[in-house]
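What follows is a short report on a single structure.
In our numbering, the protein residues as written are -16 to 255.
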């Protein structure tokens, strides 16, 4: 069986493109509908209720576009709203989050002390520590909120002296001494992965969340008979709740120059 309906992916901004890019690489026949909620960026500073409201609205939008699966490419939405997202999606749509597959994989690897950096909303939820220790209670999980990173990345300052200074301030904290691995618990953070590696001098294993999550997505699609036909020509549609030049720049870098962005405000307020 094959299913040529698109895969929906959403995030608060450009970060989820790291997962969409991995889908494109590993599943070249799969069409993608991406929604970046740039109007409400960053989710990590919002309340649980607000994050859930935004996430459910986006889920309903992707559902209306006949998506067969939805990848919640946002740690804050996963940590605070995954149950509400699954309820809104219904039983026919595969919903995959970005925390559970990563937590399960690292819990069974030879790790002793794992660091996690993420937004305030994700860290305050305790989702990573809880998920990892559900599989392996002996792993030590050290979490830190790093709220300045998302605005730095969204404003186009990744891989600059500004991002370097922010990363060094966070990662050189004594609580991260002797960690053997670090989870980038925000979908924006792989955009500064090389800088993170430099701060640690290449001595800390950086967990590749997009690869882990998309491989799990492949497993679920295959199990449900929902992989696209081998001869399907994939299409990529990008929706934003508020247009940003930086999103266009990053999306072109990932997907090529023929990217077309569509502004779509789900709250029906007119665009400014």
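Ideal Cβ positions, reconstructed from N, Cα and C, are used throughout, including at glycine.
When secondary structure is reduced to three states using DSSP, residue 96 falls in the strand class.
According to the DSSP assignment, residue 111 belongs to no beta strand (DSSP E) but to the alpha helix (DSSP H) extending over 110 to 118.
In the three-state DSSP reduction, residue 55 falls in the strand class (E or B).
Counting C-beta pairs with one atom in each stretch, the segment 161 to 180 and the segment 95 to 110 have three or more that are closer than 8 Å, which means they touch.
Taking C-beta atoms as the reference points, residue 0 and residue 233 count as a pair closer than 8 Å.
Residue -12 and residue 101 have their C-alpha atoms some 32 Å from each other. Boundaries around residue 86 are those of the alpha helix (DSSP H), 83 to 90, since no beta strand (DSSP E) includes it.
Taking residue 98 as reference, the option from 206, 207, 128, -10 with the minimal CA-CA separation is 128. Per DSSP, residue 219 lies in no alpha helix (DSSP H) segment; the continuous beta strand (DSSP E) that holds it begins and ends at 219 to 223. Taking the Cβ atoms as the reference, residue 35 lies roughly 6 Å from residue 63, within the contact range of under 8 Å.
The beta carbons of residue 140 and residue 126 sit no closer together than 8 Å. Per the C-alpha coordinates, the member of 20, 21, 6 positioned closest to residue 14 is 6. Bounds of the alpha helix (DSSP H) holding residue 194 are 192 to 206.
Per the coordinates, the alpha-carbon of residue 12 lies some 16 Å from the alpha-carbon of residue 239. Separation of the CB atoms of residue 222 and residue 18 is rounded to 5 Å, and the pair is thereby assigned contact status at 8 Å. For residue 249, there is no enclosing alpha helix (DSSP H), since its DSSP letter is neither H nor E. Residue 30 and residue 109 have their alpha carbons spaced roughly 15 Å apart.
In the DSSP assignment, residue 179 falls within the alpha helix (DSSP H) that extends over 176 to 182.
Listed as beta-bridge partners of residue 126 by DSSP are 99. Just so you know, the alpha carbons of residue 116 and residue 90 end up roughly 7 Å apart. By the neighbour-count criterion, in which 16 or more other beta carbons inside 10 Å mark a residue as buried, residue 148 falls on the exposed side. DSSP lists 99, 190 as the beta-bridge partner residues of residue 166. For residue 238, DSSP assigns no beta-bridge partner whatsoever.
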